[in-house]
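Taking it in order: structure first as structure tokens, then the write-up.
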Amino acid sequence: MSDLTLYTHPMSRGCVVRWMLEEVGAYYTVKTLEFGGDMKGPEYLAINPMGKVPAIKHGDVVVTEVAAIGAYLADQFSEKNLAPGLRSPERGSYYRWLFFMAGPFEMATSAKAYGWRIDSDNEQSVGCGPIDASIETLEQALAKTPYICGEQFTAADVLVSSYLWWEMMQENIPKLDVFREYTDRMESRSAARLANVLDDELAEQLKVAAG
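The opening position of the sequence shown corresponds to residue 14 in the working numbering, with each subsequent residue numbered one higher.
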């Protein structure tokens with residue numbers, strides 16, 4: 014039996030973690046939770062008191078939050094080279110983009126999606142700038158190198174590509190050529206394709222079970 018469990022739902026950020034698990038080649042079990050149901054039940058709240066997915070349990074270690082899970086898996090499976098070396102100049106970029114996507118980018122795109130006002134009057138008080146600033150920042154970074162941290166594919170690319178793909182699909186950000194070319198390359202990786210197949214199958218199973 015695997016000592017690594019993914020708690021997820023196929024229509025959640027758990028898809029990002031599934032891709033990461035396939036990248037590292039981990040053997041893992043999956044526990045599917047329903048929104049508003051067992052996701053808020055006492056058993057899962059003991060894993061993540063936020064009552065949100067994804068989460069992983071690796072032995073006795075519980076990790077929540079997509080960026081944290083990605084970084085954790087990259088370190089635990091270091092032989093897969095999904096993080097720059099500790100003393101590599103790119104290590105700082107790696108941390109930067111993991112936290113940028115989980116923080117300023119997601120907050121800015123959420124503000125766009127739900128009509129929250131972020132402008133010059135209040136941006137100094139929140140953890141992000143206007144969405145145009147996030148878009149321009151990523152556009153400039155991805156125009157320079159094949160991967161977000163330079164020449165090496167890392168766990169940060171899993172996060173950046175997944176979030177860009179989702180926000181373009183939701184029409185919260187423009188489908189810039191640099192974004193589309195980047196996400197197409199990342200999504201063509203065998204681990205990404207397999208993760209999508211597995212989550213599509215899981216979604217179909219849930220649909221059938223729901224009648």
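Built from N, CA and C at the ideal position, the CB exists for glycine as well.
In this text, all values refer to a predicted model and were calculated from it rather than measured experimentally.
Measuring CB to CB, does residue 146 end up less than 9 Å from residue 121? yes
For residue 161, count neighbouring Cβ atoms within 10 angstroms of its own Cβ and tell me buried if that reaches 16, exposed if not. buried
Take the Cβ of residue 61 as the centre, count every other Cβ of all protein chains shown within 10 Å, and call the residue buried at 16 or more, exposed below. buried
Nearest-angstrom Cβ-Cβ length linking residue 172 and residue 111, presumed shorter than 8 Å: 6 Å
Please report how far the alpha carbon of residue 128 lies from the alpha carbon of residue 92, in whole angstroms. 43 Å
Which runs of the beta strand (DSSP E) fall wholly inside the stretch 126-182 and span at least 3 residues, in chain order? none
Using only the alpha-carbon positions, how far apart do residue 80 and residue 190 sit? 25 Å
Environment of residue 166 [buried if 16+ CB atoms lie within 10 Å]: buried
Hey, quick one: how far does the alpha helix (DSSP H) through residue 82 stretch, first residue to last? 79-89
If you count every other CB in all the chains shown that lies within 10 Å of the CB of residue 40, and 16 or more means buried, which is it? exposed
Check whether the stretch 42-58 touches the stretch 84-100, taking contact to mean three or more Cβ pairs, one atom from each stretch, closer than 8 Å. no
Give the secondary structure of residue 189 by DSSP, where H, G and I count as helix, E and B as strand, and everything else as coil. coil
Proximal residues to residue 142 (C-beta, below 6 Å), its chain only, five neighbours per side dropped: 136
Going by other Cβ atoms of all chains shown within 10 Å of its Cβ, with 16 needed for buried, is residue 29 buried or exposed? buried
In its own chain, which residues sit with a C-beta less than 7 Å from the C-beta of residue 14, not counting the 5 before and 5 after it? Any reading at residue 14 must be qualified, since the residue scores a pLDDT of 45, below 50, and its modelled position is unreliable; no value is offered.
Output the boundary residues of the beta strand (DSSP E) element that contains residue 208. Segment 203-222 is the alpha helix (DSSP H) holding residue 208; no beta strand (DSSP E) there.
Name the residue from 21, 148 and 64 whose alpha carbon lies nearest to the alpha carbon of residue 186. 148
Is the beta carbon of residue 126 closer than 9 Å to that of residue 89? no
Residue closest to residue 220, alpha-carbon to alpha-carbon, out of 177, 17 and 22: 22
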